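Working notes, beginning with the structure itself.
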Amino acid sequence: MKFCKKTRYGLTALVDLAAQPSTTPVALKTIAERNDISLQFLEHIFASFRRTGIVKSVKGSQGGYNLAKDADEITVASVVEALEGSYHLEDEDVLVENSYKGISDTIQKLVVDSVNQELDQILSNLTLAQMTGYYADHYEKQEMYYI
């Protein structure tokens, strides 16, 4: 399994947004420039986030985007679902007449279902707040510029 670029860029942009003061809307152009992401691609990503209630837009000259809810309420699962749909491994496709149905059922139950349960557990419990905290603790200080 691999996340598509849309999901990686979406998570990157959300961590960037969550790291900013919550009352100040952030322009997509600013997020795009800070993270070297195409503005057009980011607009497409944020349209999905808006539709699913992850971000809200603020119109006007000082407009931009804010999180629509607290960062600890936004899970990685909700972000992936907003951008990719289901993140689960697809079920085994088995014909009833297939003589290997038992093997396929075994693969489904012991591999596919188990992986999907673990994915649910991890992605549903990992929040944007946790990701932002990790980023702040490990990287944000390294990226400061001094004059």
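Take the sequence shown: its position 44, counted from the start at 1, is 43 in numbering that gives the first Met the number 0, and no numbers get skipped. Ideal Cβ positions, reconstructed from N, Cα and C, are used throughout, including at glycine. Every value quoted in this text rests on a predicted model; they were computed, and no experiment measured them.
- Within a 10 Å sphere around the beta-carbon of I102 sit fewer than 16 other beta-carbons, which makes this residue exposed.
- For G101, the enclosing alpha helix (DSSP H) starts and ends at K100 to I106.
- The distance from the Cβ of S37 to that of A76 is about 25 Å, inconsistent with a contact at the 8 Å cut-off.
- Rounded to the nearest whole angstrom, the CA to CA distance from L16 to H87 is 27 Å.
- In its chain, beyond the 5 residues on either side, Y8 have a beta carbon closer than 7 Å to the beta carbon of F40.
- A residue is called buried once 16 or more other Cβ atoms fall within 10 Å of its Cβ, and A70 is buried on that count.
- Ranked by Cα distance from D136, the first of A26, Q61, C3 and A18 is A18.
- The beta carbon of K28 sits closer than 8 Å to those of L38, all from its chain and outside the five residues before and after it, given in chain order.
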